[in-house]
Amino acid sequence: MKALKFDKSQQLEFVRQLKARVQDYFAEQEKRPSGNRQLYLKAVLMLALYVLPLLALFIFQPSHYVLILGLYFLMGLGMVGIGVSVMHDAVHASFSSKSWVNRLFAHSMELVGGSSFNWQVQHNVLHHSYTNISGWDEDISHKAILRLEPEEPWRAVHRYQHIYALPIYSLLTLSWIIWGDYQSLYRYTKKNLLLGKKPLAVWAKLISFKLAYLFVQFILPIFILGIPALAVILGFLLMHLVAGFLLSSIFQLAHVVEGPDYPQADENGRLAKSWMAHQLETTANFSRGKAWISWCIGGLNYQIEHHLFPHISHVHYPKLAPIVQQTAAEFGLPYHEHPSFFKALQSHLRCLRVLGQKK
Numbered sequence: 010m011k012a013l014k015f016d017k018s019q020q021l022e023f024v025r026q027l028k029a030r031v032q033d034y035f036a037e038q039e040k041r042p043s044g045n046r047q048l049y050l051k052a053v054l055m056l057a058l059y060v061l062p063l064l065a066l067f068i069f070q071p072s073h074y075v076l077i078l079g080l081y082f083l084m085g086l087g088m089v090g091i092g093v094s095v096m097h098d099a100v101h102a103s104f105s106s107k108s109w110v111n112r113l114f115a116h117s118m119e120l121v122g123g124s125s126f127n128w129q130v131q132h133n134v135l136h137h138s139y140t141n142i143s144g145w146d147e148d149i150s151h152k153a154i155l156r157l158e159p160e161e162p163w164r165a166v167h168r169y170q171h172i173y174a175l176p177i178y179s180l181l182t183l184s185w186i187i188w189g190d191y192q193s194l195y196r197y198t199k200k201n202l203l204l205g206k207k208p209l210a211v212w213a214k215l216i217s218f219k220l221a222y223l224f225v226q227f228i229l230p231i232f233i234l235g236i237p238a239l240a241v242i243l244g245f246l247l248m249h250l251v252a253g254f255l256l257s258s259i260f261q262l263a264h265v266v267e268g269p270d271y272p273q274a275d276e277n278g279r280l281a282k283s284w285m286a287h288q289l290e291t292t293a294n295f296s297r298g299k300a301w302i303s304w305c306i307g308g309l310n311y312q313i314e315h316h317l318f319p320h321i322s323h324v325h326y327p328k329l330a331p332i333v334q335q336t337a338a339e340f341g342l343p344y345h346e347h348p349s350f351f352k353a354l355q356s357h358l359r360c361l362r363v364l365g366q367k368k
């Protein structure tokens, strides 16, 4: 794939000033941009929220369906916590200053059935590099039943996407398990997006982790421990529906809401603005200043700061937000935000309704 080019000659002073001010903040506070004890404690809690109910299921082998489904519900919440607070920072190499720690915790994605390699390509390489650009940002492009950007071909079913989108979002993590990760890796192999890795090694790793996950989730509880198959299947579905709905809702509120734009490259593959200005143009925050929301969702209510500085851990974003907002205002650049999660969700649904109309 031939990369698109941002115009580095644009917004030079803004880029210089913002980077300098953020560097000054860390120097003055004598802090590292990576995670801290607060993050590591949360990582333990989120991993425990997923692992402990699973162990309880295996050790105590409850027969009551309510208890079994309750354990799987907790595991669904644990999946979300691992995804947004552990894996996400680790794949961005911001969880720790030590690269081996980041690599280790990035594999928490495999613990919950996903692929850290696919996430790195789709999220770090494509989404963060080419945010809201049609055909490049896989978070918004080629969704078939959903039309998340104006360049996507319109279908009649899109008229109702603001009604059915939220239930569809619930299928996110389940789709990774069944077909999504295989389709993605096949696509990345064809497009030579394997980040220098050998195809056979990448495929072997994906399949090995998938088989291990299926063994833990189905073979062990049903065929070895004798837990009722129907209870396990229903619990597994509940776990993924909870995780899929929450994760999709959180991530969609960053870009497919009112405010952010969908800039496109010219015929030569060039974009009109610098990369940092592009991130401001295409990204939105929500619930800024609400510490408990930030704690629960891994700082993903501060998506602007995350997109500008993905190498910085989310624990620092609340302090960086005023710096970013002030600097953007000084240079006449946008800073999109919604006051709450529900206001952002309403904006997202309105955006879906508009995108669902025929041109």
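Oh and the sequence shown: position 76 is 85 in this note's numbering, straight run, nothing missing. Glycine residues also receive a C-beta, built at the ideal position from the N, C-alpha and C atoms. Values in this document were obtained by computation on a predicted structure and should not be read as measured data.
Alpha carbon to alpha carbon, what distance is there between residue j and residue i?
| i | j | result |
| --- | --- | --- |
| Arg41 | Phe35 | 7 Å |
| Ser103 | Ser322 | 5 Å |
| Leu58 | Asp275 | 47 Å |
| Ser349 | Arg297 | 8 Å |
| Phe260 | Leu309 | 8 Å |
| Val60 | His151 | 34 Å |
| Phe340 | Leu289 | 12 Å |
| Gly307 | Ser193 | 25 Å |
| Ile149 | Trp128 | 15 Å |
| Ile332 | Ser356 | 25 Å |
| Ser283 | Gln19 | 5 Å |
| Phe295 | Ser125 | 26 Å |
| Glu22 | Pro343 | 16 Å |
| Gly139 | Glu158 | For clarity, residue 139 is Tyr in the given sequence; the question names Gly instead. Taking the straight line from one Cα to the other gives about 13 Å. |
| Phe114 | Met96 | 6 Å |
| Thr198 | Phe218 | 18 Å |
| Ile3 | Gly278 | Not covered by the structure: residue 3. The range shown for the chain is 10 to 368. |
| Lys214 | Ser117 | 14 Å |
| Pro327 | Ile228 | 44 Å |
| Lys107 | Ala210 | 24 Å |
| Leu63 | Phe254 | 21 Å |
| Leu223 | Leu13 | 39 Å |
| Leu56 | Lys368 | 46 Å |
| Leu202 | Val130 | 7 Å |
| Ala338 | Leu54 | 38 Å |
| Gly205 | Lys352 | 42 Å |
| Leu262 | Gly87 | 21 Å |
| Met84 | Ile68 | 16 Å |
Below 8 Å on the Cβ atoms is my guess for residue i versus residue j; work out the distance and round it to an integer in Å.
| i | j | result |
| --- | --- | --- |
| Leu358 | His171 | 5 Å |
| Thr292 | His264 | 6 Å |
| Trp304 | Lys28 | Rounded, the Cβ-Cβ distance is 27 Å, inconsistent with contact. |
| Leu181 | Ser257 | 5 Å |
| Tyr74 | Gly365 | Going by Cβ atoms, the distance from Tyr74 to Gly365 rounds to 38 Å, so no, they are not a contact pair. |
| Ala281 | Asp16 | 6 Å |
| Gln70 | Ile236 | 6 Å |
| His347 | Val266 | 7 Å |
Determine the closest residue to residue i out of the options, with distance taken between C-alpha atoms.
| i | options | result |
| --- | --- | --- |
| Gln370 | Trp109, His325, Val75 | The structure shown has nothing for residue 370, since the chain only spans 10 to 368. |
| Leu135 | Asn127, Trp145, Phe126 | Trp145 |
| His345 | Leu48, Val93, His287 | His287 |
| Pro176 | Phe126, His101, Ala252 | Ala252 |
| Leu66 | Ile302, Gly278, Lys282, Val241 | Val241 |
| Leu239 | Gln47, Ser72, Ile91, Ala115 | Ser72 |
| His320 | Tyr191, Gly44, Ile302 | Gly44 |
| Tyr81 | Thr198, Leu223, Leu243 | Leu243 |
| Ile142 | Asp270, Lys367, Ala337, Gln334 | Asp270 |
| Pro272 | Lys206, His132, Glu160, Asn201 | Glu160 |
| Val121 | Ser105, Gly92, Trp212 | Gly92 |
| Phe318 | Met285, Gln335, Leu220 | Met285 |
Per DSSP, what are the beta-bridge partners of residue i in this structure?
| i | result |
| --- | --- |
| Arg279 | Lys14 |
| Phe295 | His347 |
In the DSSP assignment, find the unbroken alpha helix (DSSP H) run with residue i in it and report its ends.
| i | result |
| --- | --- |
| Lys368 | Here Lys368 belongs to no alpha helix (DSSP H), and DSSP marks it neither H nor E. |
| Trp109 | 108-115 |
| Ser138 | Note, Ser138: premise wrong, no alpha helix (DSSP H); not H, not E. |
| Pro331 | 326-339 |
| Glu314 | 312-317 |
| Arg30 | 21-38 |
| Phe82 | 74-91 |
| Lys214 | 208-223 |
| Asp146 | No alpha helix (DSSP H) holds Asp146; DSSP gives it neither H nor E. |
| Met248 | 238-261 |
| Val53 | 46-69 |
| Asn127 | 125-128 |
| Gln2 | This structure leaves residue 2 out entirely; the chain is present only between 10 and 368. |
| Tyr271 | No alpha helix (DSSP H) holds Tyr271; DSSP gives it neither H nor E. |
| Leu180 | Premise fails: Leu180 is in no alpha helix (DSSP H) and is neither H nor E. |
| Trp304 | 300-305 |
| His374 | This structure cannot speak to residue 374, because the chain is shown only from 10 to 368. |
Measuring from the CB of residue i, is there a heavy atom of the ligand ADP at a distance below 8 Å?
| i | result |
| --- | --- |
| Ile187 | In the structure on display, the ligand ADP does not appear, and there are no ligands present to speak of. |
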